[in-house]
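Before any comments, here is the structure.
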Ligand SMILES: *Cc1c(COP(=O)(O)O)cnc(C)c1O
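Numbering (the numbering used here), first residue to last: 65 to 489.
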């Protein structure tokens, strides 16, 4: 038994059976860790080049106050994002409060009364339902007169291109793809599959906007949605592209006209992209983006290990440890409310901050079910840091993500398994 395992046993009371399974899981994963290293390297080069071709300099790291006129750090950061993610232009702001806000700004800015939006990856992420306006919420797309249609995935859990053909109408303005699984038990959408669907739409209907919710997908594969034809993508800086360092924020990358319209929605007509103080956001956003390929690689290794480890412990997992990945999310079907809570207690115990807290299920803004969340993170709510969550509803899935270092994730997994095992005694 290695020294780490001895310590886990002595300090945290993790039993031998769990530690043996953890060791077995690690050896089974070695080969897959190597593949991850391959994409880390290519993505690191891509980000480095984006910094270099945009001449990022020391003074760009400083922020601005007030109106933020002439904030070249802010403007250059947006150029770096556009280069990295393969779009014409980007909007990257601390004033974008979350991933939901980034997506909302993209949708509300680009869809007018009478326009139609089709979501082709089934029901979108929980917080987006209120942006769409499933109950006609004030200020939502539906409230504003946008028509919303939804296309479930096929029985094989793929995008239903034949179904889309039927659904597109002369009013269709935007087709929406959610890459990551959110709180669903379905495979995430690989870039190759996105590409096929987007190419179909763009060939038949070049005027239709293809928008991708890119949350948790950044730097997992080596191609980005914009590089394979998407017109607009959006995501959160307290997930992958912030590298665990960005203090807050969201981004949109894509076609210049679409970004400009989103910016008008974010700030105001007549202001758009030109105004907005960056305070002390720039330094953390630049350095976080630079670190992101590495950090995403660590999180991915942790996700692969979690898949094998919890499979060995007898739980259904999605994806399997040896499947191709397009996001950092690992779902584990623990099967009961009590086990979801125990899993989260274990992850919380392994956190650098607030490790003595005991997470409890609660209602959160934007969500319809009670949700449990674990994470003692440096940036509040950051899910590129080690964290686990899930809505309390059958079949009781935990969604694990993040971790700034693989070693930390390993410890977290051991403690999560140990907490679940306590229930079985
Ligand atoms: C995290 C996430 C979002 C946005 O969530 P925020 O908490 O608002 O950042 C949107 N879509 C998906 C698929 C996500 O995973």
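Backbone N, C-alpha and C fix where the C-beta goes; we use that ideal spot for every residue, glycine too.
Note that the structure is a prediction, hence the values are computed from the model and not measured.
Cβ pair residue i, residue j closer than 7 Å
| i | j | result |
| --- | --- | --- |
| residue 309 | residue 352 | yes |
| residue 318 | residue 301 | no |
| residue 141 | residue 349 | yes |
| residue 213 | residue 231 | yes |
| residue 291 | residue 150 | yes |
| residue 390 | residue 281 | yes |
| residue 466 | residue 447 | yes |
| residue 445 | residue 159 | no |
| residue 273 | residue 236 | no |
| residue 261 | residue 225 | yes |
| residue 455 | residue 433 | yes |
| residue 183 | residue 240 | yes |
| residue 406 | residue 322 | no |
| residue 385 | residue 93 | yes |
| residue 423 | residue 436 | yes |
| residue 279 | residue 256 | no |
| residue 473 | residue 403 | no |
| residue 400 | residue 286 | no |
| residue 315 | residue 156 | yes |
| residue 174 | residue 325 | yes |
| residue 186 | residue 228 | no |
| residue 195 | residue 148 | no |
| residue 109 | residue 181 | no |
Residues of its chain near residue i, where Cβ-Cβ distance is below 7 Å and the 5 sequence neighbours each way are ignored
| i | result |
| --- | --- |
| residue 90 | 369 |
| residue 364 | 100, 284, 389 and 392 |
| residue 120 | 140, 144 and 350 |
| residue 359 | 307, 308, 448 and 468 |
| residue 416 | 440 |
| residue 201 | 194 and 207 |
Option nearest residue i by Cα separation, candidates the options
| i | options | result |
| --- | --- | --- |
| residue 251 | 97, 230 and 393 | 393 |
| residue 366 | 80, 71, 100 and 69 | 100 |
| residue 387 | 77, 76, 97 and 80 | 97 |
| residue 9 | 197, 75, 76 and 191 | No answer is possible for residue 9: the residues shown for the chain start at 65 and end at 489. |
| residue 336 | 245, 131 and 162 | 131 |
| residue 293 | 305, 219, 286 and 266 | 266 |
| residue 312 | 112, 116, 469 and 166 | 166 |
| residue 162 | 409, 303 and 450 | 303 |
| residue 136 | 425, 430, 401 and 343 | 343 |
| residue 168 | 328, 377 and 186 | 328 |
| residue 188 | 416, 246, 176 and 238 | 246 |
| residue 215 | 398, 203 and 242 | 242 |
| residue 379 | 461, 331, 417 and 288 | 461 |
| residue 253 | 178, 223 and 219 | 223 |
| residue 221 | 383, 408 and 113 | 383 |
| residue 299 | 116, 164 and 72 | 164 |
| residue 233 | 204, 179 and 330 | 179 |
| residue 134 | 409, 450 and 338 | 338 |
| residue 138 | 74, 305, 258 and 345 | 345 |
| residue 332 | 489, 172 and 95 | 172 |
| residue 377 | 129, 288, 248 and 81 | 81 |
| residue 398 | 249, 275, 277 and 116 | 249 |
6 Å Cβ shell around residue i - same chain, five flanking residues per side excluded
| i | result |
| --- | --- |
| residue 107 | 283 and 357 |
| residue 411 | 438, 452, 476 and 480 |
| residue 414 | 475, 476 and 479 |
| residue 381 | 371, 374, 375 and 396 |
| residue 347 | 125 |
| residue 470 | 362, 365 and 366 |
| residue 420 | none |
| residue 425 | 434, 436 and 456 |
| residue 69 | 83 |
| residue 114 | 144, 147 and 148 |
| residue 259 | 292 |
| residue 330 | 169 |
| residue 288 | 149 and 150 |
| residue 408 | 423, 436, 438 and 452 |
Chain-order list of residues whose beta-carbon lies under 8 Å from that of residue i (same chain, five-residue window excluded)
| i | result |
| --- | --- |
| residue 373 | 85, 86, 89, 477 and 481 |
| residue 146 | 152, 153, 154 and 317 |
| residue 46 | This structure gives no information on residue 46, because the portion of the chain shown stretches from 65 to 489. |
| residue 193 | 187 and 432 |
| residue 177 | 208, 209 and 210 |
| residue 430 | 164, 190, 191 and 194 |
| residue 123 | 136 and 137 |
Check: residue i C-beta below 6 Å from any heavy atom of ligand 2
| i | result |
| --- | --- |
| residue 366 | For the structure depicted, ligand 2 is absent and the ligand set comprises only ligand 1. |
(request) Starting from the N-terminal end, write out each residue whose C-beta falls within a distance shorter than 5 Å of any non-hydrogen atom of ligand 1. (result) 162, 163, 164, 189, 244, 246, 277, 279 and 300
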